[in-house]
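Visitor: This is the structure I have questions about; it appears just below.
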Amino acid sequence: MKRHSVLRVVAKLFLPYILLFALYVQFHGDFGPGGGFQAGVIFAAAFILYALIFGLRTAHKVASADLLRILMAAGLLLYASVGIVTMLKGGAYLDYNFLRHDPVHGQHLGILLVELGVGVTVAAVMVTIFFGFADRKNR
Amino acid sequence: MTSEFALIAAPIIPLAAALLVSLSGKIPNLRDSFSVLAGIILFGTVVSIVPDIMAGGRPAFTVVEVMPGLALGFLVEPLGMLFALVASGLWIVTTIYAIGYMRGHEESNQTRFFASFAVAIFASIGVAFASNLLTLFMFYELLTLSTYPLVTHQRTDEAMRAGRVYLGILFTTSICFLLFAVIWTWVITGTTDFTPGGILAGKAEGATVGVLLALFAFGTGKAALMPFHRWLPAAMVAPTPVSALLHAVAVVKAGVFTIMKIVVYIFGISFLASTGSNQWLIWVASATIVLASLVALTKDNLKARLAYSTVSQLSYIVLGAALANQAGVVGGSMHIAMHAFGKITLFFCAGAIYVAHHKTKVSEMNGIGRQMPITLFAFLIGSLSVIGLPPFGGSWSKWFITMGAYEAEQMIPFAILMVSSLLNVAYLLPIVFRGFFLAPKETSDDGHVGHVSDHDGPSPGIWKIGALREAPLFCVLPICMTAFGCLVLFFYASEMHKMLLPLGAP
Amino acid sequence: MKYLIGLGVTLMAVWLLWSGHYSPLIISFGVASCALVLAITHRMNVVDNEAVPVEITGRLLIYLPWLAWQVILSNLAVARIILSPSLPIAPRLIRTPAGQKGEVGRVIFANSITLTPGTVSLIVNDNEILVHALTQEAEDDLQSGKMNEQVIRVEGNA
Amino acid sequence: MYAVAIVSVLATMFLAVSRAFAGPTVFDRILAVNTFGTATVLFISVYVFMGGRPDFLDLALVYALLNFIGTIAVLKFLQFGNLAVGGEDEGGLDS
Amino acid sequence: MDYFGLYNYWIVIFLMMTGFYIVISRDNLIKKLIGLNIFQTSVFLLFITMGKVKGGTAPIINHHFDTYSNPLPHVLILTAIVVGVATMAVGLSLVVRINEAYHTIEEDDIHLVEEEP
Amino acid sequence: MELILDMASWILIVVGSVFCVIGAVGLLRMPDFYSRIHASGITDTLGAGCILGGLLLQSGLTLVSVKVAFLLFFALIASPTAAHALAKAAYLTGEKPLTRRGKSA
Amino acid sequence: MIRENLPALQVVIPLMAAPICILFKNGRAAYGIALAATLFAFGAAISLLTQVLGVGPISYELGGWAAPWGIEYRVDYLSGFVLVLVSGMGVVVQLFSPASIKREIDEEKHYLFHCAFLLCLTGLLGIVITGDAFNVFVFLEISALSSYILISLGKHRRALTSAYQYLIMGTIGSTFILIGIGLLYMMTGTLNMADIAARIGPVATTRTVLAAFAFFTVGVSIKMALFPLHLWLPNAYAYAPSVVTAFLAATATKVAVYVLIRFTFTIFGEHFAFEETPVATLLMPLALIGIVVASSIAIFQKSVKRMLAYSSVAQIGYIVLGVSFVSVTGLTGGIVHLFNHALMKGGLFLAVACVVLRIGSDRIDDFAGLGRRMPVTMFAFVVAGLSMIGVPLTVGFISKWFLIQAAIEKGWWPVAALVLLSSLLAVAYIWRVVEIAYFRKPPEGEDRITEAPVSMLLPMGALILATIFFGLNTEATAGVARQAAEYLMGAVR
Ligand code: NA
Ligand code: NA
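Line by line, the protein sequences are chains F, R, V, Y, P, C and W. The first sequence begins at 1 in the working numbering and counts up by one. The second sequence begins at 140 in the working numbering and counts up by one. The third sequence begins at 646 in the working numbering and counts up by one. The fourth sequence begins at 804 in the working numbering and counts up by one. The fifth sequence begins at 899 in the working numbering and counts up by one. The sixth sequence begins at 1016 in the working numbering and counts up by one. The seventh sequence begins at 1121 in the working numbering and counts up by one.
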């Protein structure tokens, strides 16, 4: 029997747009109901779809466990460090106004970075959890 | 040595002894010398405080204030002085006796035994010198805990069961009633300090006083007031030195001491008498005196008989306190010392008989006086003192208590005191009579009757000179000392009375 | 490369449509995002003619209205069946020839079959598709081969 | 009008849930859940329009996406007992 | 919105009870988790349909700049969903490991296995 | 023009709603799994399509409409794919379809 | 810089340390990081408490946004006190952990342990420090999720089922809490606790607020394992790695109680909570029944951890009892017992952890002869056990003192009597262990058992010393607790 062409083709078709959608949600967090978390979930969903259809081994080649672990931690650290930087600059924790000379820019940048941190972490965590499930029988 | 210094040193000495004893467990002679030495030093230290007290001094020392009005502290007053003297003095003899007994009996775990022993004395000293209810309660509980390993020393199922009864009753009563009463008192008065004249006067009235007194009296399970007396006979499974410690030195005396102290320094005798709340306690004590004596009559096991005797005698002291007048309080307090010497003598004798002959039952003791004349003679002296006949110490204390009952116009208790002495005669003197005048029974000769024993031959250190078969020297010596003490106390009673008189001050 | 560029252009267009914010910052985010997506999909090895059917897009747009009409018709048919008390169905398994040369074409055909209620594609083989049909009419419609031809036309000569 | 849509979508959801409970095969249940998911997407969409917050449409899109992926994942799990196998060379759903 | 505002509570309560019922009545650990998820979802629904908050304040955040609005309920739901997803993930991973350890995910069977030795 | 658009959108939404429910009813009524797929197809295609189409008209030519369009596009590709995958999985698992009425193939 | 931002750093530092642990993926490095972060948190907590005691409650606006909109961190007497408790226990447990987890957790999961531990700590500290009701929920879930993971690290496979059971119960609990918070938000339009308290007046009698309070109370009762909602706790405590048990027992349920106190007294107000609702008539009987029943069940346990777990359920009863007096004395008793119980139960569980390290079991029968083999450990057990009973010189005595005082002040004699009676139950279950450990001969061939390593004995000893120290010097505990109680009772009026 031949391979599952329908799923594969549809997945290939969808993947780029799902990923883009994730990034779109990520970078429009401060305009509407978007933000790091949804972005992370969507990004991870795309990746999980990829892994489901093209196999775990292939997926692992794209994103190794170590890469995920590092991303996970890096995202959280990014989040927290923004806060630390605002404190270093004399503001309260996560007081973005202190991030730049111009408070408006400061807020932009602050929210952006924080959301990015959240997004990266969420995506990495979700994928890791998926791998954790899917992989178990193989161990 | 100032009294304050002595006061600080007094609890530390037995504590240090406990430590040294545990560390020197590998060298029994060293270990036992530590015990004896600590006993002597402690007694000296305690005695050194006496002149100050006689002169009206009240050395005090506060360790730490836990909460406002709630401190951990010591203060010496006449009653505590007396108790400390009794406890520390008898510790020496009991230790000597225990060394003889334990070695003669080849008991195991002697190190733990002597260490616990020292901790128990530490707790007793703490009880004696406690300056407030909290401190007293704390050392009271410590005393329970430290004597548990002694009670269960044999580790048999029976011993463990007895231990549970022991802990169960003492903890239940102290936690449920005594602690409750302590906290209640604190809530009412804002203090727990023992104060001459009491602290409750004017702050509590009516039923509250009665309920508080009940909580204190029954909360002090160590006083073995019926119906919370069961632990005392149960604890008889312990080795005899322990029984001596329990009955004469530390535990039960700490109980009645506590009641006495609370009556005098928390309620204040005039306040208590004025409320009339003491009436019921007089009756309970009287009832305990009679009932316990009757039970004692029925017991064939010597230690059980002595145990019920103790239950009865303790209630003399409680009665003295409950009478809430000078004669009663002073007499009751004196009885702490008098009974201690008398009863310890009796227990020592019971132990000596057991060590030398493995006999535990009264019915087996026919003719034993011929083999152990010294022991049985001491037993006679102890009995007479407990009964309250001159020229032994017990006669004074009983006299004062009876006077107290008379002054309080409590004629029925007065009569009970009289009758009770007859009962004492009835359960104690037949033993002496059997020992000296009845011929020994054939079957009980070779010493297999004792239920704990697994010895075939005589234990080491037993004297055997002709027909004589006495316990080891370490046993006999203390017996003589305490029996002699019963006699001495008769003549020193006036000093004691003088010291205790402030208790009765209104 | 052709596919990468095609995908990149499409992605950027989609971003602009979605975004609605045309500040330089956001647009630069858009560019960065598209680049990132390209990089990832490239790494995933999914950028090919199947993912980016640049060749057939035009013809696909012509096919869709026809398909939509078919969908409506079949919907009505099945809805009628569902609503009629006797539930007049005659389910069957049938094999229908699939003349498409490429995977994409066959997938479009299979999905079109599924999209029209009354027929569901079960197994897609190289030259035929196993279909579950709900009624005789649905089977007849499919076996007439119209849809097959339409999709072949979409596929073109590529 | 939105109300009509909302009510019918809710009715659809209810019917789908009934089928999910009734089964009888696991595939029936998945199918029902999938339909329920479609209904949910519609619900969110209509609701968002009704409330005048079309920003939330993204939510519907996300839900649709997750619904799709979830269905695939469950199918795969059913077929192989795990999610590990699959792909071009291992023959997953692709076989 | 009014015609809907009233009985959203009933839907929430219905979902909640359903979820709760599944949690307690099912033996299958995964089903329990699904019930739990429904239970949680009911709360999100409650929040979503809560509508205009009584006396809700216009969330202008900074007294200097009013650049950002603070869509508070939205943030709440979102966070709650994150929490729900995380709970699911942890729960499912536990179930997977339970399955490895006991070779079953039926509660009764697990009890049986536990009682054996 | 506005009015016509509005009318059209309302009609679409109502029609979509009706087909949604019809599909769901079919989901309940149909006798076996495979035939139920067809029913659910109604909800997925015409139901969803009409409702989303109606919303599309409602929103006019705005960014919102772009999103609705994407939703529509996604739904129309994803649903048949999912349905196909489901049917295939069932078939491969050995789930037998009913053929004709009441008889098993 | 650090000083004025301490409230934020209190939470952020452990939060940041958690991902760093993951980054390193190395047990030892993770330990270093975790320890450092925990120590920092402890220092910060102490510093905050001192500030509060000096100048009164501190408010910190996260992100610099004014209070009702931004998230406010708020440290008052109670929260400062609990912060010190939680972080302090964190330090003790961290110091204790290396040797213990070496035996109980697989080497490759050590970094995970430290990470989850830090997250749990973060959550607990966050719950206590935040002045935002919704934030409480978020932190509650952070701590809960990480504690599920921590519990599941236990060696026995039942750790998994226990964690699962806890997850189900815990999630239901937190969802209830979330509903309560949501309803409050609906009625007042704010999430800031102080703000809710200020606005709740006019709507306090509405059914929605009543429902909010009901949901909240039930939810938090599950979280703190109030009888009869305690069923998750015994298994969770029994099968979790010993250090985890010690940490959770000492902090997690305590923080849940904190949430109860915070919401009832600060947000709803004791008048509303105890007079408008039947909570008072419900909470106290439940607490009392819990004390008696759980203590009684504890007596019959075969596993020491389980026994202590049931004891914990009972002890929560004491704390809740203190709260339900609605008097300064009662509340003081509750708060001080919250602290004291953490010390002694932490000490007990650490002692059990030492035993488990050496004999690999926590069955009571296996304790035979340990009094001699592990003298320090068992001595610690006895001291902490005495405290559990409420013996003078220990912290347990102080707690009971306050509780009974509160009962006597109110004239509720049966309550006082029950509290005293329940001490006896504690005697019974503690004494069982003591009797076996000291007075029963060990099985043959068990001579290899030696005392636990110093690295474990020292932290345990520190707790035991604290048990005694705070039993003698109550200024830092009862003093602060009374201040907190007075503040809480007065703040609402
Ligand atoms: Na606990
Ligand atoms: Na807990």
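All C-beta atoms, glycine included, are put in the ideal place defined by N, C-alpha and C.
1. Does the beta carbon of tyrosine 1607 of chain W come closer than 9 angstroms to any beta carbon on chain P?
2. Skipping 5 residues on each side, what residues in its chain have a beta carbon closer than 6 angstroms to that of glycine 1246 of chain W?
3. If the cut-off is 8 angstroms on Cβ atoms, which residues from the segment 1033-1053 of chain C count as contacting chain Y, listed in chain order?
4. Measure from the C-beta of phenylalanine 1063 of chain C to each C-beta in chain F and report whether the shortest distance is under 9 angstroms.
5. Determine the DSSP secondary structure at isoleucine 338 of chain R, reduced to helix, strand or coil.
6. Are there 16 or more other CB atoms within 10 angstroms of the CB of arginine 995 of chain P, so buried, or fewer, so exposed?
7. Just tell me which of W/Pro1348, W/Phe1385, W/Met1576 and W/Trp1532 has its CA closest to the CA of alanine 1604 of chain W.
8. Nearest-angstrom Cα distance between aspartate 585 of chain R and glycine 574 of chain R?
9. With burial defined as no fewer than 16 other Cβ atoms inside 10 Å of the residue's Cβ, what is the status of asparagine 770 of chain V: buried or exposed?
10. Listed in chain order, which residues of the segment 732-765 of chain V have Cβ atoms closer than 9 angstroms to some Cβ of chain F?
11. Under 7 angstroms Cβ-Cβ, which residues of chain F neighbour threonine 1096 of chain C?
12. Let me confirm a value: tryptophan 1533 of chain W is counted as buried when at least 16 other C-beta atoms fall within 10 Å, else exposed. Which label applies?
13. Using a Cβ-Cβ cutoff of less than 6 angstroms, which residues in the same chain neighbour isoleucine 753 of chain V once the five nearest sequence positions on both sides are dropped?
14. Between the Cα of threonine 841 of chain Y and those of Y/Gly855, Y/Ala808, Y/Tyr866 and Y/Met804, spot the shortest distance and give me the residue it belongs to.
15. Three-state secondary structure (DSSP) at leucine 528 of chain R?
16. DSSP state of serine 1024 of chain C, grouped into three classes?
17. Quick check: what's the CA-CA separation for glycine 1437 of chain W versus isoleucine 1191 of chain W?
18. Within 9 angstroms (strictly less), CB to CB, does threonine 1060 of chain C reach chain V?
19. Any beta carbon from chain Y within less than 9 angstroms of glutamine 26 of chain F's own beta carbon?
20. Out of R/Val469, R/Ala199 and R/Ile570, point me to the one whose CA is closest to alanine 148 of chain R's CA.
21. How far does the alpha helix (DSSP H) with tyrosine 1268 of chain W in it extend, from its first residue to its last?
22. Following the continuous beta strand (DSSP E) through arginine 832 of chain Y, name the residue where it begins and the one where it ends.
23. 9 angstroms is my cut-off, CB to CB: does glutamate 105 of chain R come that close to chain W?
24. Under the DSSP definition of a beta bridge, which residues are partnered with asparagine 440 of chain R?
25. Here's the rule: buried if 16 or more other CB atoms are within 10 angstroms of the residue's CB, otherwise exposed. What is histidine 590 of chain R?
26. Any idea which residues DSSP pairs methionine 206 of chain R with across the strands?
27. Quick one: is the Cβ of cysteine 1141 of chain W within less than 8 angstroms of any heavy atom of ligand 3?
28. Since threonine 1114 of chain C meets chain V, which of its residues come closer than 9 angstroms, beta carbon to beta carbon?
29. Mind pulling the alpha helix (DSSP H) runs of 4 or more residues that sit fully within the segment 1543-1598 of chain W?
30. Using a Cβ-Cβ cut-off of 9 angstroms, state whether valine 591 of chain R counts as contacting chain W.
31. Which first and last residues belong to the alpha helix (DSSP H) in which serine 1080 of chain C is found?
32. Determine the chain V residues that contact leucine 1027 of chain C at a beta-carbon separation under 9 angstroms, and present them in chain order.
33. Please tell me whether alanine 1100 of chain C has its Cβ less than 9 angstroms away from any Cβ of chain F.
34. Which whole runs of the alpha helix (DSSP H) in the segment 144-206 of chain R are 4 residues long or more, in chain order?
35. Thinking C-beta only, is leucine 990 of chain P closer than 9 angstroms to isoleucine 928 of chain P?
36. Look at alanine 393 of chain R and glycine 532 of chain R and say whether their C-beta atoms are less than 9 angstroms apart.
Guide: In brief:
1. no
2. Val1131 and Phe1259
3. Val1033, Cys1035, Val1036, Gly1038, Ala1039, Val1040, Leu1042, Leu1043, Phe1048, Arg1051 and Ile1052
4. Per the sequence shown, the amino acid found at residue 1063 of chain C is alanine instead of phenylalanine. No - not a single Cβ of chain F is within 9 angstroms of the one on alanine 1063 of chain C.
5. coil
6. buried
7. W/Phe1385
8. At aspartate 585 of chain R the pLDDT is 46, less than 50, meaning the model places this residue with poor confidence; the figure from the coordinates comes in the next sentence. Answer to the nearest angstrom: the Cα atoms are 16 angstroms apart.
9. exposed
10. Glu748, Val749, Arg751, Val752, Ile753, Ala755, Asn756 and Thr759
11. Val6, Leu7 and Val10
12. exposed
13. Val796
14. Y/Tyr866
15. coil
16. helix
17. 32 angstroms
18. yes
19. no
20. R/Ala199
21. 1253-1272
22. Arginine 832 of chain Y -> not in any beta strand (DSSP E); alpha helix (DSSP H) instead, spanning 829-853.
23. Since the first residue of chain R shown is 140 and the last is 645, residue 105 of chain R is not available in this structure.
24. R/Lys500
25. Low local confidence applies: a pLDDT of 40 at histidine 590 of chain R is under 50, so the model's placement there is unreliable, and no value is given.
26. R/Leu209
27. Among the ligands modelled here, namely ligand 1 and ligand 2, ligand 3 does not occur.
28. Ala735, Pro736, Arg737 and Leu738
29. 1574-1592
30. Since pLDDT at valine 591 of chain R reaches only 39, below the 50 mark, its modelled position is unreliable, and no value is offered.
31. 1078-1108
32. Simply none; closest approach about 12 angstroms.
33. yes
34. 167-193
35. yes
36. no
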